[in-house]
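A.B. asks: Per the working numbering, the sequence shown starts with residue 1, numbered consecutively. Here's a structure for you.
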Amino acid sequence: MPFTVVVPTPVGPLTVTGGEAVHTACFVDGTPTGGDPLGVREALEAWMAGDDTLARRVPLDLEGTLFQKRVWEAVRAVPWGRTASYGAIADALGSVARAVGGANGANPAALFVPCHRVIGGDGSLTGYAGGIERKRWLLDHERGAPPLLMGRSGTPG
């Protein structure tokens, strides 16, 4: 049965849609429908409390090319509190950083596929659909650093 779950986060509402698995998770406001059959709210509340174990267990059914899905699986393997460069993921997949960046940018499931953990080869924060400040907040949160407070809209406040 289709569902939409809206979870408030310190960086704005995360709207998750799916059926038997998660299809999308985006930082936009939405209207909840169909309950929470996969335990998405609990998984994301645990994520915000510092544990991504439950979020890693939520089943995903994401639309994308075979290459995009390979990139998203590689991104899911990046541990909590750590980062990987576009180039490192590209090397592991026998590809190039630009292609990995394109696939990462097409990620339909923020936090479940933690694309915010992918950074430039020089350590720079680049290319996050939710905005660089949100990416910085998420990385700081995972590293246990006191994060910059975000406003209700998910912008620095």
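All C-beta atoms in this analysis are idealised placements derived from N, C-alpha and C, irrespective of residue type, glycine included.
Is the beta carbon of P32 closer than 8 Å to that of T4?
C.D. replies: Their beta carbons are under 8 Å apart, which means T4 touches P32 by this criterion.
A.B. asks: Enumerate in chain order the residues of its own chain whose CB-to-CB distance from T83 is below 6 Å, with the five nearest sequence positions on each side excluded.
C.D. replies: R117, I119, listed in sequence order.
A.B. asks: If I measure Cβ to Cβ from L60 and keep anything under 7 Å in the same chain, skipping five residues before and after, which residues do I get?
C.D. replies: Hits under 7 Å: A21, V22, A109, F112.
A.B. asks: Use the C-beta contact count for A43: other C-beta atoms within 10 angstroms, 16 or more gives buried, fewer gives exposed.
C.D. replies: It is buried - the Cβ of A43 has at least 16 other Cβ atoms within 10 Å.
A.B. asks: Using C-beta distances below 6 Å, list every residue in its chain close to D29, excluding the 5 sequence neighbours before and after it, in chain order.
C.D. replies: Excluding positions up to five away in sequence, the list reads P13.
A.B. asks: Rounded to whole angstroms, what's the CA-CA distance from T126 to E133? Just pull it up for me.
C.D. replies: Cα-Cα distance, rounded: 10 Å.
A.B. asks: Would you report the Cα separation of Y128 and G105, rounded to the nearest angstrom?
C.D. replies: About 7 Å.
A.B. asks: What is the residue span of the alpha helix (DSSP H) that F67 lies within?
C.D. replies: Counting along the chain, the alpha helix (DSSP H) containing F67 begins and ends at 66-76.
A.B. asks: Spatial neighbours of E45 within its chain, please: CB distance less than 8 Å, with the 5 preceding and 5 following residues excluded, ordered by chain position.
C.D. replies: So the list reads V7, once near-sequence residues are dropped.
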